[in-house]
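J.:
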């Protein structure tokens, strides 16, 4: 069982081509296996990866070849700096596809994150920016691609979406990804979209805003619509979200509808917040607008998709930054930062599914950081995480 558990995960990554010359001392498969397992146990850099491997060498010998022992941290650094990130990503996506049966009916949140200390060029201070696809309901990272800067998300998003199976799934993206070409691509891949609309699309924004604001003032007279409301009291504040959705897009201009493939409904979310610690009782109100290719008017379902997209911050970015300390990483050489971030996401996908249990079967409530530590402390926990 000890050898079978790692093999169930590692077999998805054996097709990656070794970027080095043929006269190598250490097998690429061994380097990949050690790296994935070490990060799963909490390693945050190549020295930690090497140290973890030496501490577990006798166990590693039961399923790895290790012809010259454990590679040095410089070897790990050099190999992952040269490793083709797209080849690594394709293997990663094949593995994630095996974790889930289908994305049909689910929301896929696409969002970007900057690796703050991963400067590709120290003199220009240009960090690596990653765009990730996150299956919100299952809390699984489906894929990621790197771009040089946040402004280039627009070019990275189509490449990432092209690698995913979007059939009958709904892709949610913030305003930066609200582009006609992206909407058309999602529809061509048999998926749906729910896109935030802001002033970067001025004509669309003004039309959607005008339609929804006037509709609310008139009570949506003679217009088909749906409404949903929910209230949360957390973190010292009360927030009420009201969601209106209508499929009466005929009131938008025909030229606009022709430009946006599949645009079938528009949405407005009004968020009212009151800070309980503010003695002045100040209340803030913010309205957001969205377009969707869904032709229905299920406001509760739309609210769920928007809420899940906002959850990327806690479900993915917060876990990486706080739990795995991604923003503190100083790995910078060539593809090293991007590829190490992929190791973190492999570990995160496993740890999100892993439930630590006591002998009586009671689940131990634990965050990502504690789960990593538990895998490092206990071989049984590590095997359970690999099999989760």
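Residue numbers (my numbering): 18 to 405.
Glycine included, C-beta positions come from ideal geometry on N, C-alpha and C.
Note that the structure is a prediction, hence the values are computed from the model and not measured.
1) Which ranges does the beta strand (DSSP E) cover as unbroken runs of at least 3 residues, wholly within the region 251 to 333, from first to last along the chain?
2) List the DSSP bridge partners of residue 159.
3) Closer than 6 Å by C-beta to residue 392: which residues in its own chain qualify, once you throw out the five before and the five after it? Chain order, please.
4) Name the DSSP beta bridge partners of residue 153, please?
5) Within a Cβ cutoff of 7 Å, which residues of the same chain sit near residue 229, ignoring the five residues on either side of it in sequence?
6) So, helix, strand or coil for residue 342, using DSSP?
7) Let me know the secondary structure DSSP gives residue 190 once reduced to three states.
8) If you drop the 5 nearest sequence neighbours on each side, which residues of the same chain put their C-beta closer than 7 Å to that of residue 47?
9) On the DSSP bridge list, what partners appear for residue 244?
10) On the three-state DSSP scale, how would you describe residue 384?
11) From what residue to what residue does the alpha helix (DSSP H) around residue 220 run?
12) Using 8 Å as the Cβ pair cut-off and three pairs as the minimum, do the region 315 to 325 and the region 264 to 277 touch?
13) Starting from residue 127, follow its DSSP beta bridges and name the residues at the other end.
14) Would residue 159 and residue 173 qualify as a contact pair, given that the criterion is a beta-carbon distance under 8 Å?
15) I'd like the list of long-range same chain contacts for residue 184, defined as Cβ closer than 6 Å, with 5 residues on each side in sequence excluded.
16) So what's residue 132 in DSSP terms, helix, strand or just coil?
17) How is the alpha helix (DSSP H) around residue 39 delimited, first residue to last?
18) Considering just the uninterrupted stretch of the beta strand (DSSP E) at residue 60, what are its terminal residues?
19) Taking only the alpha-carbon atoms, compute the straight-line gap between residue 161 and residue 170 and give it to the nearest angstrom.
20) Would residue 43 pass as a contact of residue 92 if the rule is Cβ separation under 8 Å?
21) Pick helix, strand or coil for residue 211, following the three-state DSSP scheme.
22) Going by beta-carbon coordinates alone, are residue 237 and residue 257 separated by less than 8 Å?
23) Going by C-alpha to C-alpha distance, which of 380, 372, 373 and 337 sits closest to residue 360?
24) Taking Cβ positions, are residue 192 and residue 156 nearer each other than 8 Å?
25) With a 10 Å radius around its C-beta and 16 neighbouring C-beta atoms as the bar for buried, classify residue 141 as buried or exposed.
26) So, under 8 Å CB-CB, residue 71 and residue 87 are touching, yes? Tell me the CB distance rounded to an integer number of Å.
27) Could you check whether residue 346 and residue 129 sit closer than 8 Å to each other, using their CB atoms as the reference points?
28) With the cut-off set at 8 Å, would you say residue 109 and residue 154 are in Cβ contact?
29) Can you check which of these residues, 188, 219, 201 and 220, is closest to residue 212 by C-alpha distance?
30) Determine the contact status of residue 357 and residue 97, defining contact as a CB-CB distance below 8 Å.
31) In the DSSP output, what is residue 374 paired with across the bridge?
T.: By the coordinates alone:
1) 254 to 263, 282 to 292 and 300 to 309
2) Taking the first residue of the chain shown as 1, we reach residue 159 at position 142. Answer is none; residue 159 lacks a bridge partner.
3) Along the chain shown, one-based indexing puts residue 392 at 375. Around residue 392: 57, 58, 398, 399 and 402.
4) For this step, residue 153 is matched to residue 136 along the chain shown. DSSP, once it has assigned bridges, lists no residue as partnering residue 153.
5) Taking the first residue of the chain shown as 1, we reach residue 229 at position 212. The answer, listed in chain order, is 261, 283, 285 and 306.
6) Translated into the one-based positions of the chain shown, residue 342 becomes position 325. Three-state DSSP puts residue 342 in coil, outside helix and strand.
7) Along the chain shown, one-based indexing puts residue 190 at 173. Correct three-state label for residue 190: strand.
8) Against the chain shown, residue 47 aligns to sequence position 30. If we look at residue 47 and ignore the five residues flanking it on each side, its Cβ neighbours are 81, 82 and 83.
9) Locating residue 244 in the chain shown gives position 227, where the first residue counts as 1. In DSSP, residue 244 forms a bridge with 261.
10) Start at 1 with the first residue of the chain shown, and residue 384 comes out as number 367. Coil, per DSSP.
11) If you number the chain shown from 1, residue 220 lands on position 203. Segment 219 to 234, the alpha helix (DSSP H) holding residue 220.
12) no
13) Mapped onto the chain shown, residue 127 falls at position 110. Its beta-bridge partners are 150 and 190.
14) Translated into the one-based positions of the chain shown, residue 159 becomes position 142. Translated into the one-based positions of the chain shown, residue 173 becomes position 156. Contact flag unset, no.
15) Counting from one through the chain shown, the residue named residue 184 turns up at place 167. Correct list, in chain order: 207.
16) To locate residue 132, count along the chain shown from 1; it is residue 115. In this structure, residue 132 counts as strand in the three-state DSSP scheme.
17) Here the question's residue 39 lines up with position 22 in the chain shown. Run containing residue 39: none; DSSP gives neither H nor E here.
18) On the chain shown, residue 60 is found 43 positions in, with the first residue counted as 1. From DSSP, residue 60 is part of no beta strand (DSSP E); its letter is neither H nor E.
19) Translated into the one-based positions of the chain shown, residue 161 becomes position 144. Translated into the one-based positions of the chain shown, residue 170 becomes position 153. The straight-line gap from Cα to Cα measures roughly 11 Å.
20) The count along the chain shown starts at 1 and reaches residue 43 at position 26. The count along the chain shown starts at 1 and reaches residue 92 at position 75. Taking 8 Å as the Cβ cut-off, residue 43 and residue 92 qualify as a contacting pair.
21) In the chain shown, the residue the question calls residue 211 occupies position 194. Strand.
22) In the chain shown, the residue the question calls residue 237 occupies position 220. In the chain shown, the residue the question calls residue 257 occupies position 240. For residue 237 and residue 257, no; Cβs fall outside 8 Å.
23) Here residue 360 refers to the residue found at position 343 of the chain shown. The residue with the shortest Cα to Cα distance from residue 360 is 337.
24) To locate residue 192, count along the chain shown from 1; it is residue 175. To locate residue 156, count along the chain shown from 1; it is residue 139. Not closer than 8 Å, so no.
25) Within the chain shown, the letter at position 124 stands for residue 141. For residue 141, the predicted model reports a pLDDT of 47, less than 50, meaning its position is unreliable; a value from the coordinates is still stated below. Burial call: exposed.
26) Reading the chain shown from its first residue, position 54 is the one you call residue 71. Reading the chain shown from its first residue, position 70 is the one you call residue 87. Rounded, the Cβ-Cβ distance is 5 Å, consistent with contact.
27) As a first step, residue 129 is located in the chain shown; it is residue number 112 there, counting from the start. As a first step, residue 346 is located in the chain shown; it is residue number 329 there, counting from the start. No.
28) Stepping through the chain shown from its first residue, residue 109 is reached at position 92. Stepping through the chain shown from its first residue, residue 154 is reached at position 137. No, the pair does not count as a contact, with Cβ atoms beyond the cut-off.
29) Against the chain shown, residue 212 aligns to sequence position 195. Answer by Cα proximity: 188.
30) Taking the chain shown and counting its residues from 1, one reaches residue 357 at position 340. Taking the chain shown and counting its residues from 1, one reaches residue 97 at position 80. Closer than 8 Å, so yes.
31) The count along the chain shown starts at 1 and reaches residue 374 at position 357. For residue 374, which the question treats as bridged, DSSP gives the partners 380.
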